[in-house]
Structures are given as C-alpha cells and as structure tokens.
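**Student:**
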Amino acid sequence: MKKQELITLEQSDFDRAIAKAVEAGIERYEKKRNQKQLYTINEVSKKLGKAHKTVAGMIERGIIKATADNRIPHQELENYLIAQ
C-alpha cells in the first residue's frame with residue numbers, strides 16, 4: 262500500500278490549482294463534444310451565411326468534407342473557417 266502524504270497550501274495556491282483543473286476539464290469536455298458534433302447542410306448554410314446549394318457544392322468539390330449522409334463534422338467546419 263502506498264504511503265499517504267499531507268500537503269499544505271496557501272489558499273491562493275489552492276484556488277489557482279482548482280481553477281486550472283476546472284479549466285482543463287472544461288477544455289477536454291468541449292473538445293470531446295465538438296469532435297462528436299455533426300451538422301446538416303442546412304445548419305452549416307446558416308452558420309456560414311451561404312445557400313444550401315453552395316454548401317452542397319463545396320462538399321461535392323471536397324472543400325468541406327462530409328460523412329456519407331452529408332453530415333459535416335464540427336472539426337471540418339472549424340478547418341474551413343480557419344482556412345478562410
């Protein structure tokens with residue numbers, strides 16, 4: 262069995278450690294949630310302010326990658342926006 266140690270911290274150090282842990286947890290959660298998020302062509306059209314036909318054409322030309330059922334992963338939308 263591992264020996265336990267007692268560590269004492271100043272309140273401000275404790276607060277910073279907790280804040281950092283919470284921020285890291287939120288960042289991991291957001292990243293995981295965004296990786297799973299899929300958008301329809303209509304949703305992407307609204308987000309980009311482009312016509313449905315324009316976004317569908319961008320998918321056909323490979324500008325934006327989509328799944329077989331024409332769902333656009335969040336990361337693909339991010340990649341497109343960064344490239345603009």
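Numbering of the sequence shown is given in this note's numbering, commencing with residue 262 and proceeding in unit increments.
Every residue gets a Cβ at the ideal spot worked out from N, C-alpha and C, and that includes glycine.
1) Going along the chain, which residues of its own chain have a beta-carbon closer than 6 Å to the beta-carbon of glutamine 345, five neighbours each way excluded?
2) By a C-beta neighbour count over all protein chains shown, 10 Å radius and 16 as the cutoff for buried, is leucine 338 buried or exposed?
3) Compare the Cα-Cα distances from isoleucine 320 to each of Lys308, Lys307 and Tyr341 and report the closest residue.
4) Report, in whole angstroms, the separation of the C-beta atoms of leucine 299 and isoleucine 333, which I expect to be a contact under 8 Å.
5) Skipping 5 residues on each side, what residues in its chain have a beta carbon closer than 6 Å to that of glutamate 271?
6) Shorter than 8 Å, the distance from the beta carbon of glutamate 337 to the closest heavy atom of the ligand SAH, or not?
**Tutor:** For this structure:
1) Exclusion of the five residues before and after glutamine 345 leaves no residue of its chain whose Cβ lies closer than 6 Å to its Cβ.
2) Looking at its Cβ environment, which holds 16 or more other Cβ atoms inside 10 Å, leucine 338 is buried.
3) Tyr341
4) The Cβ separation is near 7 Å, so the contact holds.
5) So the list is empty, once near-sequence residues are dropped.
6) You won't find the ligand SAH in this model; it holds no ligand whatsoever.
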